[in-house]
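Asks:
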Amino acid sequence: MDKQKQEEVEVLKRTYNQVREYVGKMEARIDDSVRENERYFGDIERIIDYQYNRARISDIKTQIRALNDIMESMYFGRIDFVAEGKDIPERNYITTLPTCAPNMSDVCDISIIDWRSPIGSLYYSRDDKYVAPEGVIRGKLKLVRKLDVRHDELLNMEDLYVQGGGVSSANRIDLFLERHLRRSGAERFKGIVQSIQAEQNEVIRQPFDNHLVIQGAAGTGKTVVLLHRVAYCVYATGCKPEDILVLSPSEMLLSQIRGILPEMYIYGVPQMTLTEFFNANVGKNNQNIRPNSVNVWRFAAGVDFGKEIVNRYSDTALLDQVLKQSLSNAINALPVLKYDKERIIDASTIRKLAANVLSSSSRIDEIYNELHSRLKAMVFNILWPKYSNLKDRIFGNFFAVEKKEMYKKVSDRLSYSYIKDNLKSENLFQGYIVPQYRKIAQDLLEMLPDPSQAINDSKYVYKRGGKYNSANHPKWTIDDLGALLYLHAKVYGVERHYSYIFIDEAQNLSPVWLKVLSMYLKPGGSITLCGDIVQLSMSVYGNISNQSWQQRVECLGSNVSFTSLSYCYRSAEPIVNMARWVLEERFPAYAEKLRAVLPSDAKVVRTSVDGFLNFVRINNDIQRVAIICPSQEEANRLKQQVGKVDDKEVFILSVHESGGLEFDAVLVAKLMFYDRRNPFHARALYTAISRATHYLFIEEK
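Just so we're aligned, residue 123 is where the sequence shown starts under our numbering, counting upward by one.
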């Protein structure tokens with residue numbers, strides 16, 4: 123064992139023992155507090171001491187759990203840095219610290235820092251400066267060392283950077299990164315914080331005062347960056363995890379990445395699909411509104427989608443008209459108002475009054491309050507003159523004040539009951555807004571090629587010729603959910619706001635979605651979007667809009683920053699090369715940016731479905747595999763033919779539902795179906811190919 127490694131072994135064992143001793147002392151403090159509470163129990167005069175001890179015991183137990191977690195792997199790296207004006211390097215060991223952990227300087231005699239700390243950035247950037255709250259700290263980086271630690275045992279050690287040692291590139295593929303990238307299945311999502319690269323680290327640490335758009339090709343680690351940015355957000359802003367929202371269009375993708383935040387000790391962050399978010403906010407007003415992926419092949423017919431149709435999917439002005447018409451329809455259905463079976467206000471008068479109220483607000487609570495106030499006054503002005511004299515002949519003036527108050531209450535109850543019965547809040551959305559929007563959605567889809575097939579499985583939606591089949595429930599797209607949620611928020615308001623919202627695979631979101639999500643932000647909050655604008659989209663807007671983030675995020679205003687990721691870490695070099703070939707004819711600018719990091723001797727192999735499955739059976743390093751088909755119909759057909767392959771996870775998907783996912787091996791079915799000269803075909807094939815991490819097969823026939 124060389125001298126440097128021996129030194130690291132000694133430091134690790136000493137530190138591990140110090141932490142273990144500290145835990146022992148904390149456990150002794152718990153025992154002391156428990157014994158004290160046994161004496162205080164039942165003593166009313168010591169109730170405050172009793173409660174204080176209970177709280178202290180709970181805090182100590184939380185810290186012990188945190189330290190036990192840290193002891194599993196004390197740290198994963200070391201940074202030696204000499205700040206300007208100093209002679210001696212500052213040595214820091216880097217790890218992932220739970221927020222509830224005690225100050226590590228109280229626990230051990232070495233400096234253990236969190237990866238999110240300002241100086242922790244040097245582990246990834248390999249730079250001679252870092253940004254701290256007090257400004258830019260300059261100096262000399264002496265050493266960046268990777269340490270593979272389990273308990274008190276040093277398993278491996280590698281110097282990633284040594285000053286003057288010639289190892290200076292932060293983007294080179296070191297042995298540790300290569301080992302991590304060659305993992306299979308769920309193992310690829312473990313310990314990611316240790317393998318973050320320089321460009322990813324820079325994006326993670328972008329400020330949160332602006333909205334941020336992260337463009338990255340398939341395999342550049344967008345999702346990893348997004349989730350580590352969530353963890354950094356908690357550290358840098360002090361935001362509570364429950365005030366952060368993570369959204370993804372796909373349940374399969376979300377299930378694949380749910381464990382990343384807890385691995386960094388970030389608990390309580392809501393992680394939802396767009397559908398789950400829609401359902402959570404629409405609640406009881408939602409009646410089985412579920413989105414379908416759009417069929418991209420309906421857009422591949424060479425139709426030139428003009429600015430008008432693109433704007434109709436992205437401009438909220440159209441939705442505001444829908445809302446206005448919906449509320450007008452509800453108002454025009456208001457009946458006469460009766461009291462004691464006698465008609466006292468005709469329907470036209472009430473509708474005129476309600477229309478006047480509607481002109482100043484679309485919020486249902488504001489409409490209710492204002493309409494109730496005006497209607498109550500109108501009812502009283504009719505009832506009181508009519509009945510006051512009659513009552514006076516019987517009772518005289520003795521009860522005049524009481525009678526007037528009674529009729530005010532009658533007017534209040536009568537107007538309230540009328541509004542509640544005839545303008546029901548729960549019926550407004552499904553009874554008026556959704557049907558009115560459905561007419562617009564039908565009109566939009568009629569502008570697409572072959573509207574009878576515009577959406578997968580559309581026999582449930584349209585008859586031939588684009589006529590709406592009202593006898594069946596319509597299918598919805600992701601675009602529709604965003605539009606309906608916007609309408610719902612305009613009418614019912616937003617109950618819960620978030621400080622920060624993070625969106626994965628954001629190329630699927632229309633400007634309407636971004637607009638409505640901005641309504642869920644707290645003042646000063648921001649949205650981080652990551653996606654690949656060239657990949658196939660699950661939405662109508664994503665397929666017909668141009669490949670521009672700027673156009674999508676105009677609705678967020680001018681405080682939007684843009685950044686990008688360049689290196690493809692996920693897929694081996696032959697896979698990236700084929701993806702580049704697919705894009706180079708229709709998307710040459712994007713094709714040029716595809717740069718593989720992981721070398722491989724593996725070839726892209728032509729085979730049959732059976733040949734692919736046989737390869738999967740005999741390779742133990744393969745855990746998750748997929749067969750990606752051009753259509754859902756083809757995927758369904760294959761599902762009936764392909765059985766379970768040993769204990770391997772075999773997914774048979776349409777290309778429309780594969781976005782964001784990754785698999786150890788992928789078979790692209792029916793390759794000859796695709797024509798890379800067609801932009802829609804090129805985007806679809808690029809999406810299918812780039813799902814593969816290690817092995818890519820194409821169906822030979």
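C-beta: ideal position from N, C-alpha, C; glycine also. Quick caveat: nothing in here was measured; it's all calculated off a predicted structure.
Using alpha carbons as the reference points, say which of Arg-267, Lys-612, Ser-661 and Cys-652 lies closest to Asp-601.
Replies: Your numbering for residue 601 matches position 479 in the sequence shown. Looking at the Cα atoms, Ser-661 is the closest of the given residues.
Asks: Between Arg-746 and Asp-786, how many whole angstroms is the CB-CB distance? I'm expecting something under 8 Å.
Replies: Position 624 of the sequence shown, counted from the start, is the residue given in the question as residue 746. Position 664 of the sequence shown, counted from the start, is the residue given in the question as residue 786. Confirmed, Cβ separation roughly 5 Å.
Asks: Count the CB pairs spanning the stretch 324-337 and the stretch 639-657 that are closer than 8 Å, and state whether there are at least three.
Replies: As far as the Cβ criterion goes, the stretch 324-337 touches the stretch 639-657, which means the pair count is three or higher.
Asks: According to DSSP, simplified to helix, strand and coil, what is Gln-745?
Replies: Here residue 745 refers to the residue found at position 623 of the sequence shown. Residue state, collapsed to three classes: coil.
Asks: Ends of the alpha helix (DSSP H) at Val-352?
Replies: Taking the first residue of the sequence shown as 1, we reach residue 352 at position 230. Note, Val-352: alpha helix (DSSP H), 344-359.
Asks: If I follow the unbroken alpha helix (DSSP H) through Phe-709, where does it start and stop?
Replies: Translated into positions along the sequence shown, residue 709 becomes position 587. Run containing Phe-709: none; DSSP gives neither H nor E here.
Asks: Take the Cβ of His-273 as the centre, count every other Cβ of all protein chains shown within 10 Å, and call the residue buried at 16 or more, exposed below.
Replies: The residue labelled residue 273 in the question sits at position 151 within the sequence shown. Burial call: exposed.
Asks: Would you call the CB atoms of Lys-264 and Asp-202 closer than 8 Å?
Replies: Counting from 1 along the sequence shown, the entry for residue 264 is found at position 142. Counting from 1 along the sequence shown, the entry for residue 202 is found at position 80. Taking 8 Å as the Cβ cut-off, Lys-264 and Asp-202 qualify as a contacting pair.
Asks: So the candidates are Ala-477, Leu-449 and Ser-537; which of them puts its Cα closest to the Cα of Ile-466?
Replies: If you number the sequence shown from 1, residue 466 lands on position 344. Looking at the Cα atoms, Ser-537 is the closest of the given residues.
Asks: Going by the CB atoms, is the gap between Leu-607 and Asn-414 shorter than 8 Å?
Replies: Along the sequence shown, read from residue 1 onward, the residue named residue 414 stands at position 292. Along the sequence shown, read from residue 1 onward, the residue named residue 607 stands at position 485. Contact: no.
Asks: Helix or strand or just coil, what does DSSP make of Ile-366?
Replies: Position 244 of the sequence shown, counted from the start, is the residue given in the question as residue 366. Three-state result, Ile-366: strand.
Asks: Taking three-plus beta-carbon pairs below 8 Å as touching, is the stretch 188-208 in contact with the stretch 157-174?
Replies: The stretch 188-208 vs the stretch 157-174: no contact.
Asks: Does DSSP put Met-148 in a helix, in a strand, or in coil?
Replies: As a position in the sequence shown, residue 148 is number 26, starting the count at 1. Helix at Met-148.
Asks: Using CA atoms only, rank isn't needed, just tell me which of Leu-493, Leu-550 and Phe-551 is closest to Ser-533.
Replies: Here residue 533 corresponds to residue number 411 of the sequence shown, with the count starting at 1. The option with the nearest alpha carbon to Ser-533 is Leu-493.
Asks: Quick one: what's got a C-beta closer than 6 Å to Ala-713's C-beta in the same chain, skipping five residues either side?
Replies: Locating residue 713 in the sequence shown gives position 591, counting from the first residue. Answer for Ala-713: Arg-702, Leu-705 and Glu-706, listed in chain order.
Asks: Do Ile-835 and Val-346 have their C-beta atoms closer together than 8 Å?
Replies: Outside the displayed span of the chain (123 to 823) sits residue 835, for which this structure offers no information.
Asks: Starting from Glu-822, follow its DSSP beta bridges and name the residues at the other end.
Replies: Taking the first residue of the sequence shown as position 1, residue 822 is located at position 700. None, per the DSSP bridge assignment.
Asks: Do Ala-339 and Lys-715 have their CB atoms nearer than 8 Å?
Replies: Along the sequence shown, read from residue 1 onward, the residue named residue 339 stands at position 217. Along the sequence shown, read from residue 1 onward, the residue named residue 715 stands at position 593. Closer than 8 Å, so yes.
Asks: Name the DSSP beta bridge partners of His-333, please?
Replies: In the sequence shown, residue 333 corresponds to position 211, counting from 1. Bridge partners of His-333: Val-682.
Asks: Taking the beta strand (DSSP E) that Asn-758 belongs to, which residues open and close that run?
Replies: In the sequence shown, counting from the first residue as 1, residue 758 sits at position 636. Per DSSP, Asn-758 belongs to no beta strand (DSSP E); it is in the alpha helix (DSSP H), 754-763.
Asks: Just curious, the beta strand (DSSP E) that Tyr-461 is in, first and last residue?
Replies: Translated into positions along the sequence shown, residue 461 becomes position 339. That run of the beta strand (DSSP E) goes 459-461.
Asks: For the putative contact between Leu-658 and Val-418, defined by C-beta atoms under 8 Å, what is the C-beta separation to the nearest angstrom?
Replies: Against the sequence shown, residue 658 aligns to sequence position 536. Against the sequence shown, residue 418 aligns to sequence position 296. 6 Å between Cβ atoms; contact.
Asks: Within the same chain, show all residues whose beta-carbon is closer than 7 Å to that of Gly-647, passing over the 5 residues directly before and after it, in chain order.
Replies: Taking the sequence shown and counting its residues from 1, one reaches residue 647 at position 525. Tyr-620, Ser-621 and Tyr-622, listed in sequence order.
Asks: Output yes or no for whether 8 Å exceeds the beta carbon distance between Glu-617 and Thr-729.
Replies: Against the sequence shown, residue 617 aligns to sequence position 495. Against the sequence shown, residue 729 aligns to sequence position 607. In this structure, Thr-729 does not lie closer than 8 Å to Glu-617 by Cβ.
Asks: Which residue from Asp-769, Phe-773, Asp-768 and Pro-752 puts its Cα closest to that of Gln-762?
Replies: Translated into positions along the sequence shown, residue 762 becomes position 640. Here the closest residue by C-alpha is Phe-773.
Asks: Would you please state the rounded distance, in angstroms, between the beta carbons of Val-726 and Leu-631? I believe it to be under 8 Å.
Replies: Along the sequence shown, one-based indexing puts residue 726 at 604. Along the sequence shown, one-based indexing puts residue 631 at 509. About 32 Å; that fails the 8 Å criterion.
Asks: Flag this pair as touching only if the stretch 209-219 and the stretch 228-245 have three or more C-beta atom pairs under 8 Å; answer yes or no.
Replies: Yes, since at least three Cβ pairs between the stretch 209-219 and the stretch 228-245 fall closer than 8 Å, the two stretches touch.
Asks: Does DSSP put Arg-825 in a helix, a strand or coil?
Replies: No answer is possible for residue 825: it lies beyond the span of the chain, which begins at 123 and ends at 823.
Asks: Counting C-beta neighbours from all protein chains within 10 Å, is the total for Gln-91 16 or more, i.e. buried, or is it exposed?
Replies: Since the displayed the chain opens at 123 and closes at 823, residue 91 lies outside it and no answer follows.
Asks: For Tyr-138, name the three-state secondary structure that DSSP assigns.
Replies: Here residue 138 corresponds to residue number 16 of the sequence shown, with the count starting at 1. Helix at Tyr-138.
Asks: Just the C-alpha distance for Glu-130 and Glu-280, rounded to the nearest angstrom, thanks.
Replies: Residue mapping note: residue 130 aligns to position 8 of the sequence shown, counting from 1. Residue mapping note: residue 280 aligns to position 158 of the sequence shown, counting from 1. Distance between the alpha carbons of Glu-130 and Glu-280 is about 12 Å.
Asks: Using only the alpha-carbon positions, how far apart do Gly-615 and Arg-485 sit?
Replies: As a first step, residue 615 must be located in the sequence shown, where it is residue number 493. As a first step, residue 485 must be located in the sequence shown, where it is residue number 363. Each residue's alpha carbon lies about 7 Å from the other.
Asks: May I have the straight-line CA-CA distance separating Asn-594 from His-803, to the nearest angstrom?
Replies: One-based indexing of the sequence shown puts residue 594 at position 472. One-based indexing of the sequence shown puts residue 803 at position 681. Any reading at Asn-594 needs caution, since the residue's pLDDT is 42, under 50, leaving its predicted position unreliable; the model's value is listed next. Their Cα atoms are separated by approximately 32 Å.
Asks: Can the beta-carbon of Gly-261 be found closer than 8 Å to that of Glu-206?
Replies: Counted from its first residue, the sequence shown places residue 261 at position 139. Counted from its first residue, the sequence shown places residue 206 at position 84. Yes. Within cutoff.
Asks: Would you list, in sequence order, the uninterrupted beta strand (DSSP E) runs of no fewer than 3 residues that lie entirely inside the stretch 248-274?
Replies: 251-254 and 257-272, all fully within the stretch 248-274.
Asks: Would you give the residue range spanned by the alpha helix (DSSP H) that Gln-657 belongs to?
Replies: On the sequence shown, residue 657 is found 535 positions in, with the first residue counted as 1. Element bounds for Gln-657: n/a, residue is neither H nor E.
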